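Numbering-wise, the sequence shown is residues 0 to 214 according to numbering that gives the first Met the number 0.
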Amino acid sequence: MAVVHVEESRGRDRLTELGLSVETIEDVLRRAEAERNFCTPLDPVSLPGNIFWGRTIRFLREAHIPQGWRSASPNNVSLLLSPADDFAITASSGSKGAGYAALIPSTRYAKGSAVIRRVETNRQLMLSDYEAEPDQHDVGGGIPTWFLLYQHVNTPTGTRLYYELSLPNNAGSRGKIDSWHERIIFPYLDFEGFNPFPQDDDGEGDIDIPIERLG
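1. Under the DSSP definition of a beta bridge, which residues are partnered with Glu119?
2. Take the Cβ of Lys95 as the centre, count every other Cβ of all protein chains shown within 10 Å, and call the residue buried at 16 or more, exposed below.
3. Counting Cβ pairs, one atom from each stretch, are 3 or more of them under 8 Å apart for the stretch 173–181 and the stretch 0–7?
4. Nearest-angstrom Cα distance between Arg69 and Leu79?
5. Tell me the DSSP bridge mates of Gln150?
6. Could you pull out every residue in the same chain whose Cβ sits closer than 6 Å to the Cβ of Phe190, ignoring the five residues on either side in sequence?
7. What does a CB cutoff of less than 7 Å around Glu163 pick up in its chain, not counting 5 residues either side in sequence?
8. Are the CB atoms of Thr55 and Val76 within a distance shorter than 8 Å?
9. What's the C-alpha gap between Ala113 and Asn74?
10. Helix, strand or coil for Leu59 per DSSP?
11. If I follow the unbroken alpha helix (DSSP H) through Ala31, where does it start and stop?
12. What does the Cβ neighbour count give for Gly140, buried or exposed, with the cut at 16 atoms within 10 Å?
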């Protein structure tokens, strides 16, 4: 597993190869956090997380579509497709390891069959001589899918956001993605004075039935 930090030249160079920038992604997340901060403890528990996830997807699209990227939602998986249609990006809340180079994170919740298929495609594409054959009706199929993985941590003065852009290569036995081929770690963001949500579950809005083995 390759792990790089965006503070290092290798990390910034890798983002540039992907057509991305530290500044744009940071701006996207700051805007999403500002929208999340309109919530109060009187809102439903899942609302702050759902708003942050949804606005992250929206602001990623708004920032990149003028540069030739495309929006797609095959099987209700929210994606941003690169200009060459050679990879996709989605967003997901992560476990306590998200944003920490020394730890191995997972997605916070189990993913459904459509997301798991995309992770399986990632794994197969890493095998030599493998060429995916996407369904003609599956927009953005047969290409690698990166995850903008994040977690919120409450601090005495507000909220801290840890995040990374990572390429998964295998899904866990219970649908939580916990294996990564490549990770790009960003410096955390502090939001002082922003509302802490002690029971915030960083929920996500994709409608997708999770896969779980019985027994």
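Glycine included, C-beta positions come from ideal geometry on N, C-alpha and C.
Predicted, not measured: the structure shown is a model, and the values here were computed from it.
Quick answer:
1. According to DSSP, which records beta bridges pairwise, Glu119 is partnered with nothing at all.
2. By the Cβ neighbour-count rule, Lys95 is exposed, with fewer than 16 other Cβ atoms within 10 Å of its own.
3. As far as the Cβ criterion goes, the stretch 173–181 touches the stretch 0–7, which means the pair count is three or higher.
4. Taking the straight line from one Cα to the other gives about 6 Å.
5. Gln150 is bridged to Tyr161.
6. In its chain, beyond the 5 residues on either side, Glu32, Gly157, Thr158 have a beta carbon closer than 6 Å to the beta carbon of Phe190.
7. Excluding residues within five positions, the ones whose Cβ falls inside 7 Å are Ala97, Gly98, Leu148, Arg182, Ile183, Ile184, Phe185.
8. Going by C-beta atoms, Val76 is not nearer than 8 Å to Thr55.
9. Distance from the CA atom of Ala113 to the CA atom of Asn74, rounded to whole angstroms, is 6 Å.
10. Look at Leu59 here: in three-state DSSP terms it is helix.
11. Start and end: 21–35.
12. Counting other Cβ atoms within 10 Å of its Cβ, Gly140 reaches 16 or more and is therefore classed as buried.
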